[in-house]
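Report on the following structure.
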Amino acid sequence: MLSFLYRVFVDSWVGRIVAGLFFLAFIGFGVGDVLMNIGTERADVVARVGDRPILVQSYQNALQSEMPQVAQSMHLSDPSQIPAATREQIAQQVLTRLVLQAEIAEAADRHGLIVPDSVVRDEIFSIPAFRGRDGQFDRALFNDRLRRTGMSEGRLVELVRQEQASRVLLQPIRDGATVSDVMTRRLFDFEAQTRTIDLVRVPFDSQPVTATPTSAQLARYHANHPWEFVAPEFRHARIVVLSADTIGRQIDISDEDLRKAYDAQAQTFNAPERRDVQIVTVPTEARAAALRAQWTDGSAWAQVQKSAGKDAAAVELPGMKVSDVPSADLGKQIFAAPADATQGPIRSEGGWVVFRVTGITPAHTTPFGDVRQALHDQIAHSRAQALLADRVQKLQDTIAGGGLDSIPTDLGATAVSGDVDASGLTHDGNPAPIPGSDAVRQAIVARIFAQAKGANPELLQGPDGVWYAVSVDGVTPGHTLTLDEAGPRVNAAWLADARRHMADQQATAYYTQAQGQGGLGHVSPAIAGLEHSQPISPMQPAPEIPREIAALIFRLSQTGQSVMTEAGDAYVVATLTAINHPDPATQKNLYDRVRAGLTQSMGDDIEMGYGNALEGVVKPRPNNAAIRAVMSEVTGSQNTGTAQ
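For the sequence shown, position 535 matches number 535 in full-length UniProt numbering, and the numbering has no gaps at all.
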């Protein structure tokens with residue numbers, strides 16, 4: 001719900017407040033109790049809290065926002081690499097968070113917290129995503145942003161009103177959180193502590209392997225490492241996808257409609273010249289002349305502001321259009337002046353003016369031909385969105401009556417078929433040509449491997465408002481490759497293992513010497529490639545230090561101790577060389593940040609206790625069928641999505 005608002009309008013103050021109030025992720029909050037009461041519910045609702053529904057689409061949007069952040073925190077390049085069990089846990093926690101948000105909104109209603117329309121309006125007007133280049137609320141931009149994100153104006157108003165009421169309810173609860181000096185000092189001592197290390201890396205690929213493996217060695221390696229030489233399971237599936245994009249490809253837009261759309265967005269396609277201006281207005285011509293004489297270059301602006309006097313106005317005006325200048329005559333002179341040259345004195349309605357143009361953005365007109373296709377796609381998508389619900393119903397009826405063999409071509413659905421593995425790859429290792437975003441592809445592949453061969457296809461809603469159905473008509477089981485099938489892969493794996501073993505021996509020798517001689521820096525003869533780190537701390541890890549080593553270093557109790565670990569494609573040996581404990585008096589900003597972080601955490605705990613109390617009052621009602629459907633898309637399994 002509000003996490004979707006935050007994702008869409010991430011630059012807004014509303015979004016930041018929402019994130020601060022409701023970021024309660026990875027907490028096992030009463031999911032079992034929340035999801036025990038099962039009742040009849042609409043298919044597009046995953047749970048209901050009082051009279052407030054939590055929609056499937058809102059749940060999916062929240063998951064799509066959460067997964068990339070979790071993948072990044074796990075140092076994974078793609079959310080699809082998150083283990084299925086972890087994805088299920090994340091899905092449960094996101095649902096818990098949405099339920100808690102709805103419970104707090106219900107509590108705000110019970111307490112009679114009313115948010116005036118004027119407060120909601122001011123809040124929406126303050127969102128940067130809805131402001132034009134002049135910094136003011138832009139209705140056309142507002143409508144366009146809502147259309148692109150699929151949110152209605154009424155829905156946005158409802159979310160902002162709900163957030164404001166919840167903030168009024170929760171802020172006094174959070175304000176009661178206090179942190180002791182003892183707790184703050186202990187955490188500060190840990191996080192502000194810095195350490196330096198010596199380290200040496202032994203990359204696997206740096207090891208010279210001159211031997212050529214014999215046939216017997218290759219056969220033995222293949223026999224001892226069968227898991228390295230496995231052909232994945234492939235499934236042959238037929239897939240039908242229906243979305244606003246697939247429908248839009250069949251919609252013809254006339255040139256007249258395209259021209260009307262171009263003219264309606266003329267402000268976007270025909271940008272006037274803009275200028276960055278520094279301007280000073282003073283009461284007399286003599287003072288203006290003196291300021292111009294002082295204002296010899298761009299670096300003199302600070303001094304000019306200081307010299308202007310209290311009765312003057314010295315301001316910077318970035319990105320001005322000529323229509324933004326109150327005086328038409330002054331506007332003409334500003335937009336006729338060269339850049340980086342002081343101008344004036346000029347008489348104006350407000351006094352005598354001296355100004356300097358510091359930047360010029362030329363006027364720009366985008367020809368109709370350059371945006372014709374974009375306008376076509378925009379209009380087609382908008383019209384297709386209005387047709388989608390009806391097409392979904394027709395497609396559902398068609399699949400129920402005749403499977404995937406009887407789908408009319410005029411529905412706008414796209415069909416593909418072929419073999420795919422659980423990673424979404426074809427036999428040649430390329431991504432399967434499944435239409436849609438990465439999230440859609442992942443959901444469809446998960447469904448292919450969750451659905452039994454020959455099972456009747458079922459139309460399901462996936463991410464991004466996409467609907468799809470899958471029919472699995474062939475399964476090629478995964479199997480261990482024979483030595484002949486694996487071929488060069490066995491030889492390459494044997495060589496890689498030999499290099500890794502040699503690197504292990506070399507790193508172990510360094511570690512043994514460091515242990516016996518008081519550290520890597522004392523080993524004789526000196527170790528080639530020895531690195532001396534800058535101070536690192538838990539709050540400011542050095543990017544050049546492997547995180548595996550950084551984690552171990554802060555477990556050592558005294559200097560001279562060494563550790564060895566595998567990090568990426570190398571073994572790393574490190575010696576702790578110094579420990580520094582700073583005084584809070586010399587790092588007051590850091591000390592204050594630690595206290596603020598603890599206060600935030602304690603406020604979250606208090607909110608959690610309040611949420612637990614609300615659960616017993618509101619009694620959320622789940623729709624387990626909808627939850628199972630979403631869980632299946634997220635994890636590729638038929639898990640119920642509930643936690644006991």
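The beta carbon of each residue, even a glycine, is placed where N, CA and C say it ideally should be.
May I ask you to list the residues that DSSP assigns as paired with V472? A237
On the CB-based measure, 16 or more other CB atoms within 10 Å of its CB, does W467 come out buried or exposed? buried
Start and end of the alpha helix (DSSP H) containing W301? W301 to A308
Please go through the same chain and pick out, in chain order, the residues whose beta-carbon is closer than 7 Å to the beta-carbon of H376, but skip the five residues on each side of it. I253 and L258
Can you give me the Cβ contacts of G28 inside the same chain, cut-off strictly under 7 Å, excluding the 5 residues immediately before and after it? Low per-residue confidence applies at G28: pLDDT is 34, beneath 50, and the placement is therefore not dependable, though the value from the model is reported in the following sentence. If we look at G28 and ignore the five residues flanking it on each side, it has no Cβ neighbours.
Helix or strand or just coil, what does DSSP make of L375? helix
Classify I434: buried if its beta carbon has 16 or more other beta carbons within 10 angstroms, exposed otherwise. When all chains shown are included, I434 counts as buried.
Option in T575, E316 and S524 with minimal Cα separation from S557: T575
Just the Cα atoms here: how many angstroms apart are Q587 and T599? Taken atom to atom, the span from the alpha-carbon of Q587 to that of T599 is near 19 Å.
Those runs of the alpha helix (DSSP H) which lie wholly inside the region 100 to 151 and span at least 4 residues: 117 to 125 and 139 to 149
Bridge partners of R500, per DSSP? Per DSSP, none; premise fails for R500.
Measuring alpha carbon to alpha carbon, tell me which of D263, A308, A264 and A129 ends up nearest T281. A308
For a test of the three-state rule: what should DSSP assign to N61, helix, strand or coil? helix
Given that a residue counts as buried once 16 or more other Cβ atoms are within 10 Å of its Cβ, and exposed if not, what is P622? buried
For the alpha helix (DSSP H) containing F190, name the first residue and the last one. From DSSP, the alpha helix (DSSP H) with F190 extends over D181 to E191.
For V357, the first and last residue of its enclosing beta strand (DSSP E): Counting along the chain, the beta strand (DSSP E) containing V357 begins and ends at G351 to T361.
When DSSP builds the beta bridges, which residues end up paired with N580? T194
Going by the DSSP bridge assignment, what does E316 pair with across the sheet? Q278
Cβ shell of A289 (< 7 Å), same chain only, five flanking positions each side left out: P345
Could you tell me the boundaries of the alpha helix (DSSP H) in which Q294 lies? Looking at the DSSP string, the run of the alpha helix (DSSP H) that includes Q294 is E285 to Q294.
How should T178 be labelled, buried or exposed, when 16 other C-beta atoms within 10 angstroms of its C-beta is the threshold for buried? It is exposed - the Cβ of T178 has fewer than 16 other Cβ atoms within 10 Å.
For P203, name the three-state secondary structure that DSSP assigns. strand
Where does the unbroken beta strand (DSSP E) through M564 begin, and where does it stop? Taken as a continuous stretch (DSSP letters only), the beta strand (DSSP E) holding M564 covers S562 to A567.
Does the structure place the region 232 to 243 close enough to the region 363 to 374 that three or more beta carbon pairs sit under 8 Å? When C-beta atoms of the region 363 to 374 are compared with those of the region 232 to 243, fewer than three pairs fall below 8 Å, so the two segments do not count as touching.
Quick check on the burial criterion: 16 or more other C-beta atoms within 10 angstroms. Buried or exposed for E316? exposed
To which residues of the same chain is R595 closer than 7 Å at the C-beta, ignoring the five residues directly before and after it? V179 and T184
Taking only the alpha-carbon atoms, compute the straight-line gap between F26 and A47 and give it to the nearest angstrom. Confidence at F26 is low in this model, with a pLDDT of 32, below 50, so its placement is unreliable and the value that follows should be read with caution. So the two alpha carbons sit approximately 20 Å from each other.
Run of the alpha helix (DSSP H) containing L330, from where it starts to where it stops: Note, L330: alpha helix (DSSP H), A328 to I334.
Going by alpha carbons, who is nearest to T577 out of M151, Q217 and G518? G518
Ordered along the chain, which non-local residues of its own chain (more than five positions away) have a Cβ less than 7 Å from that of Q461? V56 and W467
Ignore the nearest five residues each way along the sequence and tell me which others in G50's own chain have a CB closer than 7 Å to its CB. E106 and V618
From L24 to L63, what does the alpha carbon distance come to, in whole angstroms? Below a pLDDT of 50, predicted positions are generally treated as unreliable, and L24, at 34, falls in that range; no measurement from the model is reported.
With respect to the alpha helix (DSSP H) encompassing R174, which residues constitute its N-terminal and C-terminal limits? E153 to D175
Quick check on V392: does DSSP put it in helix, strand or coil? helix
Roughly how many angstroms lie between the CA atoms of P584 and F188, to the nearest whole one? 8 Å
Can you name, in chain order, every residue of its own chain whose Cβ lies under 7 Å from the Cβ of E458, other than the five neighbours on each side? A469
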